[in-house]
Amino acid sequence: MTQDRDGYDAASIVFHWLTAALVLLLWGMAQSEDLIPREWRHGMWSIHITAGAALVLVYLARMLWRLSAARRPDSINPGLLRWVEQAAHALLYALLAATLAMGIVNVAARGWDLFGLIQITGFAADDRALRRSINGWHELAANALLCLVAVHAAAALYHQFVGREPVLARMWWSRRRKH
Ligand code: HEM
Ligand code: HEM
């Protein structure tokens, strides 16, 4: 059946949706800090840092998989649009890497007590201006990533529901289960 070649492989699909879930969770919890009682905030950021570290591992595994064994279908877009799509995907990977890297620098700069289990000593514990600047770059990268994710998701939904090309099925398991 040629249909099989129309979709991403199972591991790529798991990586994609796990990444999407973690990015939205990390961004959502950071944005809702003010809604959370003060005494819970340290715990909330500990979860942010732990989930962020998990996403770093997911990202590295995804990159290794993509560069080695991943099966990716041909683009549905012709000509210039195909180039735009490839550039957007490359930018998504780059912005994700930048956000993750700045997140690691952020926690290394300020230091953290992670659930009372791991104590990270901050290299900029005495330098408030540097900590603020690093946090600002992390936030900027995260917000830029989320803007591009919104465009990316809108493009996928446009193809799916307006163009009537089943792109979501290419990034889902259902298509293969029909065989
Ligand atoms: C944080 C969120 C997300 C990130 C970082 C992300 C990133 C990516 C990347 C980099 C690719 C290209 C995969 C490759 O060929 O290497 C991709 C493909 C895809 N994404 Fe996302 N994505 C996110 C969320 C979403 C959401 C919310 C949707 C749906 C509404 C979606 C739908 C798709 C689809 C359908 C494809 C496959 C396109 C095709 O068939 O060629 N993504 N995504
Ligand atoms: C795609 C993944 C991530 C997203 C979307 C994200 C998003 C954010 C956002 C929006 C903020 C709030 C900035 C502000 O308003 O001051 C923040 C803060 C922070 N993030 Fe992330 N982040 C991610 C990954 C990470 C990772 C991997 C780490 C470290 C391992 C990390 C550590 C931190 C720390 C330490 C803070 C500051 C906490 C505080 O203010 O006390 N983040 N993040």
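To convert, count from 1 in the sequence shown and add 1120; that's the working numbering. C-beta atoms are modelled at their ideal positions from N, C-alpha and C, and glycine is treated no differently.
Asked, Found
"The beta strand (DSSP E) spanning L1234 covers which residue range?", "W1232 to L1234"
"Give the straight-line distance between the Cα atoms of E1285 and E1205, rounded to the nearest whole angstrom.", "15 Å"
"Across the segment 1166-1185 and the segment 1139-1148, are there enough close Cβ pairs to call them in contact, namely three or more that are closer than 8 Å?", "yes"
"Ligand 1 heavy atoms versus the CB of P1300: any closer than 7 Å?", "As shown, the chain starts at 1121 and ends at 1299. That puts residue 1300 outside it, with no answer to give."
"For I1240, which of helix, strand or coil comes out of DSSP?", "strand"
"Just confirm the distance between the C-beta atoms of L1215 and A1150, as a whole number of angstroms; I'd bet it's less than 8 Å.", "With 8 Å as the limit, L1215 and A1150 do not qualify as a contact, their Cβ atoms being about 16 Å apart."
"Expressed to the nearest angstrom, what Euclidean distance is found between the alpha-carbon atoms of A1276 and Y1128?", "15 Å"
"Roughly how many whole angstroms lie between the Cα atoms of K1298 and L1288?", "Because K1298 sits at a pLDDT of 45, beneath the cut-off of 50, its placement in the model cannot be relied upon, and the following sentence gives the value as read from the coordinates. K1298 and L1288: Cα-Cα distance of roughly 15 Å."
"Rank G1199, V1227, H1258 and V1178 by C-alpha distance to the C-alpha of L1142 and give the top, closest one.", "V1178"
"Ligand 1 heavy atoms versus the CB of M1291: any closer than 7 Å?", "yes"
"On the DSSP letters alone, give me the boundaries of the alpha helix (DSSP H) that R1248 sits inside.", "R1248 to F1281"
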